[in-house]
Amino acid sequence: MNWNALRRLRQRFLQFEQRDAGPGGKSAGIQTQPQAEPDRADYWRSHSELASYDFTFGERVGWKWDKVISELQTRGWTPPAGTALDWGCGTGIAGRRVAEAWPQQIQSLLLSDRSHPAQNFAVARARTTLPGLAVQTAAADTATDLLVLSHVLNELAPEALERLLGLAAKAQVVLWVEPGTHETSRKLIAVRERLLARFRVIAPCPHAAACGMLMPGNERHWCHHFARVPGYVHTDPGWGRFAQTLEIDLSSVPFSFLVLDRRPAVVKPDSREARVIGAPRYYKGYAKVLSCQGDGVNELVLQKRDAPELLKAMKKDPGSLYRWEREGEKIRGGEQIF
Ligand SMILES: C[S@@+](CC[C@H](N)C(=O)[O-])C[C@H]1O[C@@H](n2cnc3c(N)ncnc32)[C@H](O)[C@@H]1O
11 MNWNALRRLR
21 QRFLQFEQRD
31 AGPGGKSAGI
41 QTQPQAEPDR
51 ADYWRSHSEL
61 ASYDFTFGER
71 VGWKWDKVIS
81 ELQTRGWTPP
91 AGTALDWGCG
101 TGIAGRRVAE
111 AWPQQIQSLL
121 LSDRSHPAQN
131 FAVARARTTL
141 PGLAVQTAAA
151 DTATDLLVLS
161 HVLNELAPEA
171 LERLLGLAAK
181 AQVVLWVEPG
191 THETSRKLIA
201 VRERLLARFR
211 VIAPCPHAAA
221 CGMLMPGNER
231 HWCHHFARVP
241 GYVHTDPGWG
251 RFAQTLEIDL
261 SSVPFSFLVL
271 DRRPAVVKPD
281 SREARVIGAP
291 RYYKGYAKVL
301 SCQGDGVNEL
311 VLQKRDAPEL
321 LKAMKKDPGS
331 LYRWEREGEK
341 IRGGEQIF
């Protein structure tokens, strides 16, 4: 493990986030990104750095993808058959997770990154872990049916983001996972609003309207969710050292995501579906849930006396997608979809 490289990478990722947040903390969206080209130059230095990232940060990114993929599979969604492009692939964790999840659909995997060492590492790693799959490097402007994007938003200067959105607009499906910070989630929301006319939003939004987070009064909120951290991570000495050395809290892995699909809907959307933002907050006898649905983003209250079983189940396994029975801001009952 190249600990120095991991420290340097961590420092760099934090810098990207802080710089984009601006001096006042939170910027309004993608248009306000300051340009800082020198720091945005290729930063992958060595094979050991890439291998150490893949084994640690990359794996942590993988847990976020696992959650997204698990929801899509639970809901019966599948990507179109064909070629997937993991753009800004780094070590290629996102492309690998997607190809592993849908072996029938993903017939070949393209990996693209401005860093040639990263691109080559990703290809070698994907060929080892997915021996039956055709894996190649690709130019950054290669259009494919399935575009996979993971943790790239904070590193793109405005013109690079424009090019990427142009590429996204040509895809049938876009699968996009980013960190769960206020800043990055807000940027992904701005991307959603840009691409909304061309795609159906499969997730996280249970509706096709403008994002409720953009409504006045919701500025302090952001659309984030939590990955399921595998149990062994909490007892594994290697992960313990990683958490301690890099000061990373492994008990909570927040992320934001966006799944867009241009194909016609197979099932009619259910207007009662609601997405839990972040995690419910529990108090004596009730829980508060920031909930996103067709009528916007609202704080709802779930009283134990109204739906004891639902509250109990939520405490045990806080779901992400629900079908509520509501009376205004009160949840009277409901069921967990995912
Ligand atoms: C934080 S890493 C994420 C890597 C990988 N997608 C993941 O989720 O683990 C961001 C990646 O984007 C690449 N990148 C940044 N700007 C880029 C650009 N303009 N064009 C292509 N790749 C870019 C970097 O080289 C780096 O590999």
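Here the sequence shown is numbered in my numbering, starting from 11 and rising by one per residue. Using N, Cα and C, we set each Cβ at its ideal position, and we do this for glycine too.
Through-space distance from residue 22 to residue 49, alpha-carbon basis: Unreliable placement is indicated for residue 49, whose pLDDT of 49 sits below 50; the coordinate value is still reported in the next sentence. For residue 49 and residue 22, the distance between alpha carbons rounds to 8 Å.
Where residue 290 sits in the DSSP three-state scheme: Coil, per DSSP.
For residue 64, the first and last residue of its enclosing alpha helix (DSSP H): For residue 64, the enclosing alpha helix (DSSP H) covers residues 57-65.
Proximity below 8 Å, CB of residue 198 to CB of residue 178: When the beta-carbon positions are compared, residue 198 and residue 178 stay at least 8 Å from each other.
Residue range of the beta strand (DSSP E) that includes residue 118: For residue 118, the uninterrupted beta strand (DSSP E) segment begins and ends at 116-122.
Other residues of its chain near residue 89: CB distance less than 6 Å, five sequence neighbours each side excluded: Closer than 6 Å at Cβ, skipping near neighbours: 112, 115, 156 and 183.
Spatial distance of residue 323 from residue 216 (CA atoms): For residue 323 and residue 216, the distance between alpha carbons rounds to 21 Å.
Exposure label - residue 34; buried when at least 16 CB within 10 Å: Residue confidence for residue 34 is low, a pLDDT of 44 falling below 50, so the modelled location carries little weight; the figure read from the coordinates is stated next. With fewer than 16 other Cβ atoms within 10 Å, it is exposed.
Close-in-space but distant-in-sequence residues of the same chain around residue 146 (CB under 6 Å, 5 per side omitted): Once the five neighbours on either side are set aside, the close Cβ partners of residue 146 are 120.
Three-state class that DSSP yields for residue 265 in the structure shown: DSSP, reduced to helix, strand and coil, places residue 265 within a strand of the structure shown.
contact_flag[the stretch 52-63, the stretch 89-99] where n(CB pairs < 8 Å) is 3 or more: In short, these stretches do not touch, since the Cβ pair count stays below three.
Coarse secondary structure for residue 243, derived from DSSP in three states: Residue state, collapsed to three classes: helix.
Classification of residue 245 by the beta-carbon crowding that lies within 10 angstroms, buried from 16 upward: Classification for residue 245: exposed.
Whole-angstrom C-beta distance between residue 210 and residue 361, which should lie under 8 Å: The first residue shown for the chain is 11 and the last is 348, placing residue 361 beyond what the model contains.
Per-residue DSSP class, three states only, for residue 54: Correct three-state label for residue 54: coil.
Rounded straight-line distance, which links the Cα of residue 325 to that of residue 173: Cα to Cα, residue 173 sits roughly 43 Å from residue 325.
Boundaries of the alpha helix (DSSP H) in which residue 281 is found, first to last residue: Residue 281 -> no alpha helix (DSSP H), and no H or E assigned at all.
Cut-off 8 Å between Cβ atoms - residues of its own chain near residue 294, not counting five sequence neighbours on either side: Around residue 294: no qualifying Cβ.
Three-state secondary structure (DSSP) of residue 78: Correct three-state label for residue 78: helix.
DSSP bridge partner residues for residue 231 (one or two, in chain order): Partner(s): none; residue 231 has no beta bridge.
Boundaries (first-last residue) of the alpha helix (DSSP H) holding residue 129: Its alpha helix (DSSP H) spans residues 126-139.
Residue interval of the beta strand (DSSP E) (run including residue 144): Run containing residue 144: 144-147, per the beta strand (DSSP E) assignment.
Assigned secondary structure, residue 298 (DSSP; H/G/I helix, E/B strand, else coil): In the three-state scheme derived from DSSP, where H, G and I count as helix and E and B as strand, residue 298 is classed as strand.
Exposed unless 16 or more other CB atoms sit within 10 angstroms - verdict on residue 229: Burial call: exposed.
Residue 278 classed as buried or exposed, judged by whether at least 16 other C-beta atoms fall within 10 angstroms: Label assigned to residue 278: exposed.
Reference residue 123, options 152, 340 and 191, closest by Cα: Between residue 123 and the set 152, 340 and 191, the nearest pair of CA atoms involves 152.
Distance between residue 128 and residue 52 (C-alpha atoms, nearest Å): Straight-line spacing of the CA atoms in residue 52 and residue 128 works out to 10 Å.
Near ligand 1: residue 212 beta-carbon under 7 Å from a heavy atom: Within the chosen limit of 7 Å, ligand 1 does not reach the beta carbon of residue 212 with any heavy atom.
Residue 320, enclosing alpha helix (DSSP H) - first and last residue: Its alpha helix (DSSP H) spans residues 318-326.
Run of the beta strand (DSSP E) containing residue 196, from where it starts to where it stops: Run containing residue 196: none in the beta strand (DSSP E); it sits in the alpha helix (DSSP H), 192-205.
Collapsed DSSP secondary structure at residue 103 in the structure displayed: Three-state result, residue 103: helix.
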